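To start, the structure itself, in structure tokens.
Protein chains: 2
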Amino acid sequence: MIDQTNKEEGSADGVGFIKGVAIDAVIFGFHNDQLKVLLVEYKNTGIIALPGGFIGEQENINDAAKRVVSERTGLKNIFLDQFYVFGDYSRFDPEPFKTVMRVNGAAHRDDHWLLQRFISVGYYALVDFTMTKPAPADIFDSCAWYDLNNMPRLVQDHTQIVKKGLEALRANLDYKLIGLNLLSQDFTMGELQTLYETILGKKLLRPAFQRKMLSLEILERVAKKWTGGAHKAPYLYRFVPDKSKV
Amino acid sequence: MIDQTNKEEGSADGVGFIKGVAIDAVIFGFHNDQLKVLLVEYKNTGIIALPGGFIGEQENINDAAKRVVSERTGLKNIFLDQFYVFGDYSRFDPEPFKTVMRVNGAAHRDDHWLLQRFISVGYYALVDFTMTKPAPADIFDSCAWYDLNNMPRLVQDHTQIVKKGLEALRANLDYKLIGLNLLSQDFTMGELQTLYETILGKKLLRPAFQRKMLSLEILERVAKKWTGGAHKAPYLYRFVPDKSKV
DNA sequence: TATTATTGTAACATTATGTTACAATAATAA
DNA sequence: TTATTATTGTAACATAATGTTACAATAATA
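So the protein lines, in turn, are chains C and L.
Residue 17 in our numbering sits at position 17 of the first sequence, and the numbers go up by one each step.
To convert, count from 1 in the second sequence and add 246; that's our numbering.
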């Protein structure tokens with residue numbers, strides 16, 4: 001447990017971590033027909049940020065990213081993709097971390113490792129909203145979902161990082177079928193279409209969408225879903241990963 | 247000049263640079279119907295590597311990449327794209343740099359900054375082969391073009407980096423029209439097609455390719471090119487960047 | 001049993017891409 | 001000068017992909 005705490009983002013010293021490189025994770029979820037992003041709020045400061053972390057001295061960077069997302073969502077087997085390295089000098093701004101330390105009574109000097117310049121590697125993660133258990137660490141007041149369309153002010157350049165992460169998600173949507181990672185195991189074609197429409201920010205025509213998805217031959221029909229509505233019941237579909245690897 | 251030398255990759259101390267983060271550049275050229283990659287050979291060692299460098303303490307990472315490519319090619323206005331961060335712990339291997347230092351008489355200790363673990367940000371660059379003046383630095387025996395299909399053994403994981411860089415180039419080819427950066431200002435449709443075929447590693451059908459390229463409305467016909475061959479002379483085309491921004 | 005809203009998909013229209021064919025033409029050879 | 005050759009530019013058609021309209025099927029409700 002002490003070991004665990006020591007590996008959290010806010011640990012007092014940088015022992016065991018590579019300095020100068022950070023990971024920021026744009027964790028996307030989908031709920032109530034809206035894209036959500038998981039954000040943390042630093043204790044007693046109102047400072048809201050992307051979940052982030054550092055890379056263990058002997059850790060693969062992709063494993064570090066996975067660890068960061070796991071710690072905040074409670075999930076394993078996370079869909080993760082690097083999308084950009086944020087390395088402008090202008091993003092260097094030690095003030096927020098100074099505030100976090102001061103307010104929470106952590107002594108620090110200006111040459112503290114967290115107050116130096118960081119290069120940040122951006123990852124986006126796609127998770128099943130219904131399966132996540134957002135978990136704050138000691139240094140956070142909260143770890144919670146926010147509507148992508150109604151985001152609070154974020155620390156440093158994190159708003160920009162979210163924007164770029166969404167662009168990467170859009171660019172990869174057709175190519176990687178990644179949208180499916182955002183839904184529960186079983187879903188209707190309508191839900192899938194709404195997800196795509198939400199990610200792309202535009203309406204799609206239903207017949208073409210359904211035909212396209214079915215032509216990929218990666219979905220299997222599992223049952224009908226009686227929604228209680230006064231209309232025909234939609235089928236439930238499930239992603240069949242084997243079929244996409246032929 | 248001293249200042250300049252101090253900023254080269256092989257400088258003895260790491261003063262002025264961010265530690266732990268490096269840039270590796272896959273610089274593509276196109277000549278004699280073949281894709282070329284610019285590589286450096288470390289003095290007296292036979293060690294061949296991608297041109298690389300480090301990030302100044304107050305330098306933007308993208309500017310550092312541009313600087314690295316400029317130093318080796320002599321060009322300004324370089325097309326550059328980040329494509330991946332190589333951060334596996336297993337790629338950490340100080341032996342090659344130890345050899346470089348030992349052979350060239352540079353004293354070093356095992357805790358020398360160049361012998362620590364680095365996270366490497368991969369960039370690919372596209373340059374006009376005919377305009378480049380490959381320039382080795384003091385620590386290199388050579389800086390020269392190699393056929394992509396006939397590459398020597400590269401240091402560390404650089405072969406892997408080249409492979410991933412080529413994949414990124416392929417993936418972006420249609421999307422970003424980046425192929426045009428590899429040709430001289432004026433080129434024939436045949437040259438453009440050969441470039442695409444070389445990058446994609448497959449033949450394309452001529453009428454479809456020509457129709458597609460012309461439909462983009464970013465090429466203007468400038469003149470005919472009399473090649474001396476016993477056949478109809480092809481037109482020369484030129485890229486019209488303005489038109490692609492409408 | 002009629003009404004309503006939504007689903008699944010057929011049918012057709014349009015666009016994009018793949019393929020074949022051929023006239024135009026620059027150099028060479030007869 | 002005139003045929004020959006190789007290559008270019010593009011028309012014409014074939015096929016595939018995507019956009020659009022239409023409508024039957026069907027759960028729940030009136």
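Even for Gly, the Cβ is constructed at its ideal location relative to N, Cα and C.
Only a predicted model underlies this, so the values are computations on that prediction, with no experimental measurement involved.
Cβ pair count under 8 Å reaching 3, the stretch 342-349 of chain L against the stretch 416-430 of chain L: Result no; under three Cβ-Cβ pairs closer than 8 Å.
7 Å is my cut-off, CB to CB: does Val-121/C come that close to chain L? yes
Between the C-alpha atoms of Asp-309/L and Ala-233/C, what's the straight-line distance to the nearest angstrom? 56 Å
Can you look up Gly-351/L in the DSSP assignment and give me helix, strand or coil? coil
If you reduce the DSSP assignment to three classes, tell me which class Lys-265/L lands in. strand
Residues of chain C with a CB under 7 Å from the CB of Tyr-335/L: which are they? Gln-58, Glu-59, Asn-60
Rounded separation between Ala-65/C and Leu-50/C - CA only: Computed Cα separation, rounded: 12 Å.
Does the separation of the CB atoms of Ala-25/C and Tyr-146/C fall below 7 Å? Not a contact, by the Cβ cut-off of 7 Å.
May I ask you to report which of helix, strand or coil DSSP gives Ala-230/C? coil
If you pair each beta-carbon of the stretch 282-297 of chain L with each one of the stretch 451-459 of chain L, do three or more pairs fall below 8 Å? no
Residues within the stretch 261-278 of chain L neighbouring chain C, beta-carbon criterion of under 7 Å: Ile-264, Lys-265, Gly-266, Val-267
Classify Lys-245/C as buried or exposed, calling it buried when 16 or more other Cβ atoms lie within 10 Å of its own Cβ. Residue confidence for Lys-245/C is low, a pLDDT of 45 falling below 50, so the modelled location carries little weight; the figure read from the coordinates is stated next. Exposed, by the Cβ-count rule.
Report the residue ranges of all beta strand (DSSP E) runs contained in full by the stretch 352-399 of chain L; include only those spanning at least 3 residues, in chain order. 365-372, 386-393
What does the alpha-carbon distance come out to for the pair His-231/C and Gln-456/L? Roughly 50 Å between the two C-alpha positions.
Limits of the unbroken beta strand (DSSP E) element including Lys-224/C: 219-224
I'd like to know if Gln-160/C contacts chain L, where contact means its C-beta is closer than 7 Å to some C-beta of that chain. no
Go ahead and label Arg-72/C buried or exposed: buried means 16 or more other beta carbons lie within 10 angstroms of its beta carbon, across all protein chains shown. buried
I think Ile-27/C touches Val-127/C, with their Cβ atoms under 8 Å apart; what is that distance to the nearest whole Å? About 6 Å; that satisfies the 8 Å criterion.
Here's a check: name, in chain order, each residue in its chain whose Cβ is nearer than 7 Å to the Cβ of Ser-70/C, leaving out the five neighbours to either side. Lys-76, Ile-78
For Gln-116/C, decide whether its Cβ has a neighbour in chain L, counting only Cβ atoms nearer than 7 Å. no
Distance between beta carbons of Ile-47/C and Val-21/C, contact taken as under 8 Å: Val-21/C to Ile-47/C, Cβ: 21 Å. No contact.
DSSP three-state label for Ile-178/C, please. helix
Mapping the DSSP letters down to three states, classify Thr-73/C as helix, strand or coil. helix
Exposed or buried, Met-347/L, counting other C-beta atoms within 10 Å across all chains shown (16 or more means buried)? Counting Cβ neighbours within 10 Å, Met-347/L comes out buried, since at least 16 surround it.
Taking 8 Å as the threshold, find out whether the stretch 134-154 of chain C comes into contact with the stretch 176-188 of chain C through three or more Cβ pairs. no
In chain L, what lies closer than 8 Å to Tyr-84/C by C-beta? Gln-328
Below 6 Å, is the gap between the Cβ of Asn-77/C and the nearest heavy atom of the ligand NAD? In the structure shown, the ligand NAD is absent, as is every other ligand, since no ligand is present at all.
As assigned by DSSP and simplified to three states, the class of Asp-252/C: Past the edges of chain C, shown from 1 to 246, lies residue 252/C, and the structure says nothing about it.
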